[in-house]
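Enquirer: Be aware that the sequence shown starts at 118, since it is given in the working numbering, and climbs by one per residue. Where is the CB? At the ideal position from N, CA and C, for every residue including glycine. Remember, it's a predicted structure, so these values are computed and weren't measured experimentally.
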Amino acid sequence: MKEIVIISGKGGTGKTSVAASFASLAAGRGVIVDCDVDAADLHLILHPEIVETNLFRSGHKAVILTDKCTECGRCLAFCRFGAIAKTTDLNNQPSYQVDPISCEGCGVCVRVCPTKSISFPENLCGEWYVSLTRFGTLVHAILATGAENSGRLVTILRQKAKQLAETAKLDYVIIDGSPGIGCPVIASLTGATVALIVTEPTVSGAHDFQRIAELTRKLKVPAMVCVNKWDINPKKAGEIRLHAETAGIASAGNIRYDSAVTDAQRAGVSVIEYKDNDLAGDFRAVWQAMELFTEKGENK
Ligand code: SF4
Ligand code: SF4
Numbered sequence: 118m119k120e121i122v123i124i125s126g127k128g129g130t131g132k133t134s135v136a137a138s139f140a141s142l143a144a145g146r147g148v149i150v151d152c153d154v155d156a157a158d159l160h161l162i163l164h165p166e167i168v169e170t171n172l173f174r175s176g177h178k179a180v181i182l183t184d185k186c187t188e189c190g191r192c193l194a195f196c197r198f199g200a201i202a203k204t205t206d207l208n209n210q211p212s213y214q215v216d217p218i219s220c221e222g223c224g225v226c227v228r229v230c231p232t233k234s235i236s237f238p239e240n241l242c243g244e245w246y247v248s249l250t251r252f253g254t255l256v257h258a259i260l261a262t263g264a265e266n267s268g269r270l271v272t273i274l275r276q277k278a279k280q281l282a283e284t285a286k287l288d289y290v291i292i293d294g295s296p297g298i299g300c301p302v303i304a305s306l307t308g309a310t311v312a313l314i315v316t317e318p319t320v321s322g323a324h325d326f327q328r329i330a331e332l333t334r335k336l337k338v339p340a341m342v343c344v345n346k347w348d349i350n351p352k353k354a355g356e357i358r359l360h361a362e363t364a365g366i367a368s369a370g371n372i373r374y375d376s377a378v379t380d381a382q383r384a385g386v387s388v389i390e391y392k393d394n395d396l397a398g399d400f401r402a403v404w405q406a407m408e409l410f411t412e413k414g415e416n417k
């Protein structure tokens, strides 16, 4: 079973269109994972039917139990994040309250409270799902607004997908990774069989490509590159391929600019399903290059 992760140095490069097309081309042979948990959108193309829902809890938040609190003020004095405030309740009595947004979950207030008046429940940060789609099983999530620890959630999604793929003896786990080079991307990439870096022929695309290429090198994940919309700036596309070659990153092929990508998104289908044209041919060629690359890697 091979884990193919599709990543990009920044958002909006066409990563999800590539992931959806790969899911379509590997239909029935893989489990799909949307690891872009901060801005998940693969479901807009895959239209999942949820069959399993799980809560994602991470970290803690302090909650003051006002009926036990003796208003000594120790928690306020010790909180280094300014998350506790002294206010007045409806009866004009002093009342200590925690601002859940500012609370960093360090637990100091819980330790210093002399009357054990502060509870410290686990924080509900989102939900994750196992769903059925026309291409196979999709593992995906919704992270609560402003919730942290998206890297841990990505790890959970990948573990679940791997387990499902192994049990069903499938060939692939296809991962739509997060953009950028932060914690969720590292969690998407670590230990993957191969990474496909999707980039654009622009100055920022070239810069972001170099950052993400460096990350794959550090994490020792073999990588390939695909320049999306290469024909809007063939010169820059050539420069990116040259950089890739110098960094030991093979080309998986280019994808031409075509407004049919947007039309397919609007129609809620993958590019492969939308129309069998030259654009779909580009996506197929990239998938075939990836398949060949992973097979060669396995046979080494
Ligand atoms: S858990 Fe830490 S950050 Fe949160 S209120 Fe208590 S002392 Fe402040
Ligand atoms: S330390 Fe405990 S008793 Fe004192 S104000 Fe805070 S919650 Fe109330």
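1) List the whole-angstrom C-beta distance separating I124 from I329, where the pair is believed to meet the contact cut-off of C-beta under 8 angstroms.
2) Give every residue of the same chain whose Cβ lies closer than 6 angstroms to the Cβ of L332, excluding the five residues on either side of it in the sequence, and list them in chain order.
3) Using only alpha-carbon positions, find the residue among Y246, A354, D288 that is nearest to L274.
4) Counting only runs of 4+ residues fully inside the segment 346 to 392, write out the alpha helix (DSSP H) ranges in chain order.
5) Pair every Cβ in the segment 396 to 415 with every Cβ in the segment 157 to 166, then say whether three or more of these pairs are closer than 8 angstroms.
6) For N416, which residues of its own chain have a beta-carbon under 7 angstroms away from its beta-carbon, when the five flanking residues on both sides are left out?
7) Quick one: Cα of A143 to Cα of V215, how far?
8) Between the C-alpha atoms of A369 and R174, what's the straight-line distance to the nearest angstrom?
9) Count the CB pairs spanning the segment 183 to 203 and the segment 212 to 229 that are closer than 8 angstroms, and state whether there are at least three.
10) So what does DSSP say about K417, is it helix, strand or coil?
11) Please list, in chain order, all residues of the same chain as A278 whose beta carbon is under 6 angstroms from its beta carbon, the five residues on each side excluded.
12) Can you give me the start and stop residues for the beta strand (DSSP E) that D151 sits inside?
13) Per DSSP, what are the beta-bridge partners of L159 in this structure?
14) Output needed for D325: all residues of its chain with C-beta closer than 6 angstroms, excluding positions within five of it in sequence on either side, in chain order.
15) Our contact map puts A377 next to N394 with C-beta atoms below 8 angstroms; I'd like the distance itself, whole angstroms only.
16) Comparing alpha-carbon positions, which option in T133, P296, R146, S134 lies nearest E283?
17) For D395, does the three-state DSSP call read helix, strand or coil?
18) Under the rule that 16 or more other beta-carbon atoms within 10 Å means buried, what is N371, buried or exposed?
19) Over what stretch of residues does the beta strand (DSSP E) that includes A330 continue unbroken?
20) What's the call for P318, buried or exposed, on a 16-neighbour Cβ count within 10 Å?
21) Suppose you measure from the CA of F400 to the CA of M341; what does that come to, to the nearest Å?
22) Could you spell out where the alpha helix (DSSP H) holding F139 opens and where it closes?
Expert: Let me lay it out:
1) With a Cβ gap of about 6 angstroms, I124 and I329 count as contacting.
2) I298, listed in sequence order.
3) Considering only Y246, A354, D288, the residue with the shortest C-alpha distance to L274 is Y246.
4) With a minimum length of 4 residues, the continuous alpha helix (DSSP H) runs that stay inside the segment 346 to 392 are 351 to 363, 377 to 384, 388 to 391.
5) The segment 396 to 415 makes no contact with the segment 157 to 166: fewer than 3 CB pairs, one atom from each, lie closer than 8 angstroms.
6) Caution applies to N416, whose pLDDT of 46 falls short of 50 and renders its modelled position unreliable; the value that the coordinates give is listed next. Once the five neighbours on either side are set aside, N416 has no close Cβ partner at all.
7) Distance between the alpha carbons of A143 and V215: 49 angstroms.
8) Taking the straight line from one Cα to the other gives about 38 angstroms.
9) Judged by Cβ distances under 8 angstroms, the segment 183 to 203 makes contact with the segment 212 to 229, as three or more pairs qualify.
10) Only weak support is given to the placement of K417: the predicted model assigns it a pLDDT of 47, under 50, and the question is left unresolved by the model.
11) A distance below 6 angstroms between beta-carbons, with the five flanking residues on each side excluded, links A278 to the following residues of its chain, in chain order: V148, V150, V256, V290.
12) Note, D151: beta strand (DSSP E), 147 to 151.
13) Partner(s): none; L159 has no beta bridge.
14) Counting only Cβ-Cβ distances below 6 angstroms, and skipping sequence neighbours, we find G126, K127.
15) The C-beta distance from A377 to N394 rounds to 7 angstroms, short enough to meet the 8 angstroms contact threshold.
16) Checked all of T133, P296, R146, S134; the closest Cα to E283 is R146.
17) Here D395 sits in helix by DSSP.
18) With 16 or more other Cβ atoms within 10 Å, it is buried.
19) Boundaries for A330: no beta strand (DSSP E) harbours it, while the alpha helix (DSSP H) harbouring it runs 320 to 335, taken from the DSSP string.
20) Buried, by the Cβ-count rule.
21) So the alpha carbons of these two residues sit roughly 14 angstroms apart.
22) Annotation for F139: the continuous alpha helix (DSSP H) segment containing it runs 132 to 142.
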